[in-house]
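Colleague: Attaching a single structure in structure tokens format; questions to follow.
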Amino acid sequence: MDEVASLFVRISKEHGIVPQDSILSRLRELSHSGSGVLDLSNHTLTIETCAVLAKILSHDLAITNLLMADCMLDEEGAKILLSGLTENMVVKVLDLRGNNFRQVGAIALGNFLKRNQTLEALFLEWNSLGIWESAFLAFCEGLASNHSLQHLDIRNNKIDPTGGKELGLMLRNNSSIHTLDLRWNNLGLVGGRALVEALRHNTSIVKIDATGNDIPRDILTCLETEAYHNEDKVRLSTNNYIKTKTLSKEIDILKSENKEQLIGFLNEIERKSMQMNATCDSNKRTINNLQETLDERKAALNGLRAKLDMCETSLQLSDEKVKDQSLLLDISRKENVEIARKYENQIKQERESWTQLEEKLQSELEETRSSMIDFRSKLSDVERKNQIQRDQIGQLKEQVAQLKSEHSITMLESDARFEKERKSWAEETKLLKSSHTMELAEVRSRMEEARRADDARVKKMQSIHDAMSSEISINAKLAQERSDHDDHMRSQRSKLKEEEQVKLNQLEERIRGLSSEKSQTMKQASHLTAQLEESNATNSALKIELDGVRRVLNNVQRQLANKDADTEEKVAHVRTELNKRIEQLVQDSVQCGVLREKVACLSTRLEEQGAAHKDNVHEKDKTIEQLREQLRNLRADMDRSREDEIMRANSLQTAILSYVQGVKKSASTASL
């Protein structure tokens with residue numbers, strides 16, 4: 298704490314100010330006392346000293362109470378001091394009484410209250426804050442925006458009725474001030490009414506004192522009643538807070554208990570998760586085995602695809618390899634027949650396995666039903682035993698009633714006998730409870746084993762279902778590949794037909810060209826004959842040329858006839874080849890159609906089997922759910938019977954205790 302005084306001296310030297318001895322002595326007293334109260338009352342403070350103190354107070358030092366009453370502060374010094382206090386987060390109480398604050402001081406206080414949100418008590422007695430309306434308005438605005446101030450003392454501040462209105466508006470917006478001292482001002486009737494209206498909206502004011510303000514007595518009583526109502530509300534809120542605190546403690550206790558229960562449940566869940574992990578590992582092993590089988594079947598399918606590719610390439614070869622293609626097709630047909638037989642055998646085997654599994658599940662269901670019947674019979678036996686015990690208790694009660702009517706001399710003997718019978722009955726009840734608990738534990742263990750066996754069977758059925766679905770997907774892929782092969786065959790046939798059509802069009806164009814040449818040569822020959830007939834009359838020399846021309850014509854005709862014969866032979870040969878190819882393609886298409894029908898039959902069978910399998914699985918799930926519901930009902934019935942037995946035992950115990958106490962009282966009265 299000595300550092301406050303040293304800080305004051307250091308800052309004073311930095312600014313060239315001589316530190317006041319009185320202030321230094323107060324700061325040293327603060328450092329020695331350690332109370333956190335800096336009392337500078339009745340000390341004259343200069344503006345320079347106020348500036349130094351403002352810089353010191355801007356640091357969060359251990360000063361909680363700042364007392365500066367009757368310091369004759371200049372308003373500029375007060376402004377500087379309050380600007381330093383705005384950043385302070387430690388000072389809780391500020392005493393500025395008797396400093397004659399006016400306009401500048403009121404505005405500075407308003408700005409200080411707007412920015413500082415840690416001050417709790419402010420004492421401003423014997424100032425002049427209410428002289429200037431604008432300054433007092435700024436002060437009220439600062440109070441309205443402050444949410445930490447709880448105690449405000451503004452006695453003797455020359456506040457007029459307009460100032461009272463401003464205070465009323467401030468109290469409507471402020472919800473932190475608890476006590477307000479307004480004595481010895483000049484509020485008047487208007488100010489008093491404004492305060493009453495403000496207190497009707499403000500519920501935080503607990504104590505207000507407005508005596509000496511020319512306010513009528515009825516308005517003062519209204520102010521006191523409103524403050525009293527607010528005090529009752531605060532008291533009720535504190536009581537509610539205490540109650541909620543106690544309830545929250547009880548809730549925390551319940552939460553801790555629930556947490557312990559949750560930890561137990563989580564441990565059970567972890568144990569079950571370990572069991573589930575073990576089952577998952579076994580399922581992974583089975584899945585790996587199934588994956589290996591799938592890989593083998595994929596390899597077989599890849600071989601089939603290679604063979605189909607060979608068939609497609611063989612179809613694209615020339616006419617010389619047609620025989621080889623037919624042989625390869627025969628081989629592929631045989632292989633397809635063998636594969637179809639294999640799939641039929643596999644389907645038969647799977648059907649047999651499904652029937653065996655259904656028989657096993659039915660037998661197991663019958664066993665569980667028989668065990669349920671046995672458990673019900675055991676429960677009926679336990680209830681019968683309980684009924685016998687009730688009858689015995691009734692008989693004991695009758696005996697006790699008879700013993701009551703006997704003489705007081707036999708009471709001691711009856712007490713001894715009763716003690717012996719009570720001990721034997723307690724031993725019998727303990728034996729019955731132990732046997733009942735053992736039987737319940739055995740029933741639970743058996744039901745748990747049955748549930749686990751059902752879960753294992755369901756998992757096996759699920760794995761078999763996955764295998765069947767994978768096989769169905771493989772068959773669907775085969776069907777898709779066969780359909781793709783058929784589409785490829787169709788495209789090849791269409792290509793061959795287009796090529797043959799192109800060749801036919803080319804041959805027809807050649808024939809048309811030859812026929813046109815023939816017609817042209819015929820026209821030329823007719824023209825030449827006409828010229829020869831005309832030239833015979835004119836010139837005999839042309840006869841030799843005509844003979845030569847005729848010979849040329851004959852040669853051309855012969856060549857044309859030979860060409861016509863060759864073209865007809867070629868066209869006939871091409872037509873025969875086309876017919877042969879078309880017949881072969883028709884045969885192949887017929888065979889492909891047969892294969893498609895077989896594939897469609899197989900796919901329909903597989904779909905029917907898959908649907909039947911899904912129905913069986915759904916039925917088994919329903920039966921399992923029914924069994925689980927039965928188990929739950931049995932457990933609920935067992936819990937109810939256990940609770941009933943506990944209630945009966947408690948009632949019997951209370952009855953026996955009451956009877957024993959009554960007998961003892963009667964014995965004591967008889968002895969007296």
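The sequence shown begins at 298 in the numbering used here and counts up one residue at a time. Each residue gets a CB set at the ideal place from its N, CA and C atoms; glycine is no exception.
(1) With distances taken between CB atoms, is the gap from Val349 to Leu327 smaller than 9 Å?
(2) Could you give the first and the last residue of the continuous beta strand (DSSP E) run that contains His448?
(3) What does a CB cutoff of less than 6 Å around Glu523 pick up in its chain, not counting 5 residues either side in sequence?
(4) On the premise that Leu449 lies in contact with Leu419, defined as a C-beta separation below 8 Å, what is that separation, rounded to the nearest angstrom?
(5) What separation, rounded to the nearest whole angstrom, lies between the Cα atoms of Met298 and Ala359?
(6) What ranges does the beta strand (DSSP E) occupy inside the segment 466-546, keeping only unbroken runs of at least 3 residues that lie completely in it?
(7) Pop quiz: Leu354 and Asn397 are said to be a contact at Cβ under 8 Å. What is the actual Cβ separation, rounded to whole angstroms?
(8) Between Glu565 and Lys556, what straight-line distance do the alpha-carbon atoms span, to the nearest angstrom?
(9) Starting from Ala418, follow the beta strand (DSSP E) in both directions and report where the run begins and ends.
(10) Go ahead and label Ser788 buried or exposed: buried means 16 or more other beta carbons lie within 10 angstroms of its beta carbon, across all protein chains shown.
(11) Out of Asp671, Ser322, Arg602, His356, which has the shortest C-alpha to C-alpha gap to Glu739?
(12) CB of Arg687 to nearest heavy atom of the ligand MG: below 8 Å?
(13) Per DSSP, which residues does Asn397 bridge with? Please list them.
(14) Which of helix, strand or coil does DSSP assign to Asp392?
(15) To which residues does DSSP link Asn362 through a beta bridge?
(16) For Arg480, which residues in the same chain have their Cβ closer than 6 Å to its Cβ, ignoring the five residues on either side in sequence?
(17) Since Arg323 and Leu335 are thought to touch, with beta carbons under 8 Å apart, how far apart are those beta carbons, to the nearest angstrom?
(18) Between which two residues does the alpha helix (DSSP H) containing Val349 stretch?
(19) Leu370 lies in the alpha helix (DSSP H); which residues open and close that run?
(20) Distance check for Asp934 and Gln692, CA to CA, integer angstroms please.
(21) Quick check: the Cα distance between Val871 and Leu614, rounded to an integer number of angstroms?
(22) From the DSSP output, in three-state form, read off Val315 for me.
(23) I need the DSSP call for Ser938, collapsed to helix, strand or coil.
(24) When you compare only the Cα positions, how much space is there between Thr1013 and Arg666?
(25) Flag this pair as yes or no: are the beta carbons of Gly395 and Trp423 separated by less than 9 Å?
(26) Which whole-angstrom value describes the C-beta separation of Leu382 and Asn413, a residue pair presumed to lie in contact below a C-beta threshold of 8 Å?
(27) Output the boundary residues of the alpha helix (DSSP H) element that contains Glu430.
(28) Quick check: the Cα distance between Ser309 and Pro316, rounded to an integer number of angstroms?
(29) Would you check if there are 3 or more beta carbon pairs closer than 8 Å linking the segment 516-534 to the segment 548-563?
(30) Going by DSSP in three states, Ile636 sits in which element: helix, strand or coil?
(31) Would you tell me roughly how many angstroms separate the C-alpha atoms of Gly907 and Glu647, rounded to the nearest one?
(32) When you compare only the Cα positions, how much space is there between Glu664 and Leu903?
(33) Apply the 10 Å Cβ neighbour rule to Thr346 and answer buried if 16 or more other Cβ atoms are within range, or exposed otherwise.
(34) What separation, rounded to the nearest whole angstrom, lies between the Cα atoms of Leu416 and Phe436?
Modeller: On the basis of the coordinates in this document:
(1) no
(2) That run of the beta strand (DSSP E) goes 448-450.
(3) Leu496
(4) 6 Å
(5) A caution first: Met298 carries a pLDDT of 43, below 50, which makes its placement in the model unreliable, though a value can still be read off. Taking the straight line joining both Cα atoms gives about 8 Å.
(6) 476-478, 504-506
(7) About 21 Å; that fails the 8 Å criterion.
(8) The alpha-carbon atoms of Glu565 and Lys556 are separated by roughly 14 Å.
(9) For Ala418, the enclosing beta strand (DSSP E) stretches over residues 418-420.
(10) exposed
(11) Asp671
(12) The model depicted lacks the ligand MG and carries no ligand whatsoever.
(13) DSSP output for Asn397 lists no bridge partner at all.
(14) strand
(15) Note: Asn362 sits in a beta bridge opposite Val334, Val390.
(16) Arg452, Asp506, Thr508, Gly509
(17) 7 Å
(18) 344-354
(19) Taken as a continuous stretch (DSSP letters only), Leu370 belongs to no alpha helix (DSSP H), as it is neither H nor E.
(20) 29 Å
(21) 18 Å
(22) The three-state secondary structure of Val315, taken from DSSP, is coil.
(23) helix
(24) Nothing in the structure corresponds to residue 1013, since the chain is present only between 298 and 969.
(25) yes
(26) Rounded, the Cβ-Cβ distance is 6 Å, consistent with contact.
(27) First-last of the alpha helix (DSSP H) with Glu430: 430-442.
(28) 6 Å
(29) no
(30) helix
(31) 11 Å
(32) Annotation: Glu664 to Leu903 spans about 33 Å, alpha carbon to alpha carbon.
(33) buried
(34) 15 Å
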